[in-house]
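A.B. asks: Residues 26 to 371 in the working numbering are what the sequence shown lists, from first letter to last.
Note that CB positions come from ideal geometry on N, CA and C, so glycine has one too.
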Amino acid sequence: MPFSFRFSQLRDFSLCHWTKNVDYAVEVVSRFCPHLRSLTLSYCIGLTVRAFHCLGLHSRSLQSINLQYSEFQVDGLLEYLENHGSQIKQIWFTHGLKNDRLLTAITRGYCPDLELLEVNTRLDSKDCELSVCIQALQMACPKLKTFRMLNVRPLHKTMRNGAESTSGFPLLEELCIATTSYSYMTDKDLLDILFGSTKLRVLDLRGCSRITPSGLATLPCLELECLFWGQYFSSHIGLSSPKKGLHMVTQKWSHTLQQLDIANQLFTEEDLEIAMSYLAQASEADTLRSLNLSGTRITPPALRSVIGQMTALNYLNLSSCRYLPRGVKRIYRGQEDIRQLLDKLE
Numbered sequence: 026m027p028f029s030f031r032f033s034q035l036r037d038f039s040l041c042h043w044t045k046n047v048d049y050a051v052e053v054v055s056r057f058c059p060h061l062r063s064l065t066l067s068y069c070i071g072l073t074v075r076a077f078h079c080l081g082l083h084s085r086s087l088q089s090i091n092l093q094y095s096e097f098q099v100d101g102l103l104e105y106l107e108n109h110g111s112q113i114k115q116i117w118f119t120h121g122l123k124n125d126r127l128l129t130a131i132t133r134g135y136c137p138d139l140e141l142l143e144v145n146t147r148l149d150s151k152d153c154e155l156s157v158c159i160q161a162l163q164m165a166c167p168k169l170k171t172f173r174m175l176n177v178r179p180l181h182k183t184m185r186n187g188a189e190s191t192s193g194f195p196l197l198e199e200l201c202i203a204t205t206s207y208s209y210m211t212d213k214d215l216l217d218i219l220f221g222s223t224k225l226r227v228l229d230l231r232g233c234s235r236i237t238p239s240g241l242a243t244l245p246c247l248e249l250e251c252l253f254w255g256q257y258f259s260s261h262i263g264l265s266s267p268k269k270g271l272h273m274v275t276q277k278w279s280h281t282l283q284q285l286d287i288a289n290q291l292f293t294e295e296d297l298e299i300a301m302s303y304l305a306q307a308s309e310a311d312t313l314r315s316l317n318l319s320g321t322r323i324t325p326p327a328l329r330s331v332i333g334q335m336t337a338l339n340y341l342n343l344s345s346c347r348y349l350p351r352g353v354k355r356i357y358r359g360q361e362d363i364r365q366l367l368d369k370l371e
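(1) Our contact map puts Met273 next to Pro238 with C-beta atoms below 8 Å; I'd like the distance itself, whole angstroms only.
(2) How far does the alpha helix (DSSP H) with Met273 in it reach, from first residue to last?
(3) Using only the alpha-carbon positions, how far apart do Ile70 and Gln115 sit?
(4) Please state whether the Cβ-Cβ distance between Glu140 and Leu175 is less than 8 Å.
(5) In this structure, how does DSSP classify Val353 when only helix, strand and coil are distinguished?
(6) Please decide whether Leu40 counts as near chain D, where near means a Cβ-Cβ distance under 8 Å.
(7) Anyone know if the C-beta pair for Tyr135 and Glu107 falls short of 8 Å?
(8) Leaving out the 5 sequence neighbours to the left and right, which residues in its chain are closer than 6 Å to Asp296 when beta-carbon positions are compared?
(9) Compute the Euclidean distance between the alpha carbons of Gly263 and Ser315, then round it to the nearest angstrom.
(10) Quick check on Arg75: does DSSP put it in helix, strand or coil?
(11) Among Gly359, Ser345, Met301, which one has its Cα closest to the Cα of Asn289?
(12) Considering only their Cβ atoms, is the gap separating Arg36 from His60 smaller than 8 Å?
(13) Determine the direct distance from the alpha carbon of Asp212 to that of Leu219, and round the result to whole angstroms.
(14) Below 7 Å CB to CB, which residues in the same chain sit around Leu225 once its five sequence neighbours on both sides are set aside?
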């Protein structure tokens, strides 16, 4: 049976760890799979201008391109995006000196209908800084719903002509700027990204040690469901001064938060108790499902107030919580496991 018949309805195509014949494979798929929507190449080598040209000629339904951790001719992809970027809605790539030209092209308006943009880097990479003009990106990609910069430190640039986006990212639902190294992200930087994002549901700020509770409280999103704010990789964990104001965060989103991660955040015992009380007072007791308090100064009274009320809680991380008694500093999974913990705390 010929290839063209067997795979004529193929919509999603992936290659992993190919170091030879990548060009040929992509060319064949683009020629004989007219309904191709998604192309993923992971840890592949050898994608050239020729393959991108073939995609442009034949893959008119292509909407998603994932080239993370792969080596390819950047000029080929740039030419493809310049001519066919209007059909692309999702793009993933890995940060690098050559690859960063892709972000520049996107901010110039090559992909006006882009809904997902993810830039990552290798965990062992020493060069994690990425210059990005947020205002230009907001103007170029007004339909963006998911924006992820994983282990990348964004360095904010301003537009030369002084123009500013008036609407920001109005459709944005997820922002991830998690990092394994030092973060320069400030409250102002975060607000510059999210000032128009009223529909935000997921906010991942792991490693962003400069963000404050007051900065989070000023964000326009009122129905945040997932906040990941743990400090996992900072060499300064345990050395910083105690923080205050967490209650501003839990008060703002107590009715909508489903997942909350504040691992290793150095809030005081009193502040944690107030913050947990706001979660416990939420009108919907079945909202919060995951709570990570690892490495915090949470106390038994503060813990009782929240787990006694949150009936849907099925993940609770209490590892390395030095203000809790021995025997309870661990991860709890399932409502029954958590109910047994409540009995131990009473």
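C.D. replies: So, to answer that:
(1) Taking the first residue of the sequence shown as position 1, residue 273 is located at position 248. Taking the first residue of the sequence shown as position 1, residue 238 is located at position 213. In this structure, Met273 and Pro238 form a Cβ contact; the two beta carbons are roughly 5 Å apart against a cut-off of 8 Å.
(2) Residue 273 sits at position 248 when you count from the first residue of the sequence shown. Its alpha helix (DSSP H) spans residues 271-278.
(3) Sequence index remark: in the sequence shown, residue 70 carries index 45 (1-based). Sequence index remark: in the sequence shown, residue 115 carries index 90 (1-based). Roughly 21 Å between the two C-alpha positions.
(4) Within the sequence shown, numbered from 1, the residue matching residue 140 stands at position 115. Within the sequence shown, numbered from 1, the residue matching residue 175 stands at position 150. No, they are not a contact pair.
(5) Walking along the sequence shown from the start, residue 353 turns up at place 328. Three-state DSSP puts Val353 in coil, outside helix and strand.
(6) Protein chains in the displayed structure number just one, and chain D is not present.
(7) By 1-based counting over the sequence shown, the position of residue 135 is 110. By 1-based counting over the sequence shown, the position of residue 107 is 82. With respect to Glu107, Tyr135 sits close: the two C-beta atoms are nearer than 8 Å.
(8) Numbered from its first residue, the sequence shown carries residue 296 at position 271. Spatial neighbours of Asp296 in its own chain (CB-CB distance under 6 Å, excluding positions within 5 residues in sequence) are listed in chain order as Lys269, Leu271.
(9) Counting from one through the sequence shown, the residue named residue 263 turns up at place 238. Counting from one through the sequence shown, the residue named residue 315 turns up at place 290. With a pLDDT of only 46 at Gly263, under the threshold of 50, the placement of this residue in the model should not be trusted; the figure read from the coordinates follows. In a straight line, the C-alpha of Gly263 is about 24 Å away from that of Ser315.
(10) Position 50 of the sequence shown holds residue 75. Looking at Arg75 - three-state DSSP - the assignment turns out to be helix.
(11) Position 264 of the sequence shown, counting from 1, holds the residue named residue 289. For Asn289, the closest of Gly359, Ser345, Met301 by C-alpha to C-alpha distance is Ser345.
(12) Translated into the one-based positions of the sequence shown, residue 60 becomes position 35. Translated into the one-based positions of the sequence shown, residue 36 becomes position 11. Their beta carbons are under 8 Å apart, which means His60 touches Arg36 by this criterion.
(13) To locate residue 219, count along the sequence shown from 1; it is residue 194. To locate residue 212, count along the sequence shown from 1; it is residue 187. Rounded to the nearest angstrom, the two C-alpha atoms are 10 Å apart.
(14) The residue labelled residue 225 in the question sits at position 200 within the sequence shown. Setting aside the 5 residues that flank it on each side, Leu225 is surrounded in the same chain by Leu197, Glu198, Leu200, Leu219, Cys246, Leu249, each with a C-beta closer than 7 Å to its C-beta; the list follows chain order.
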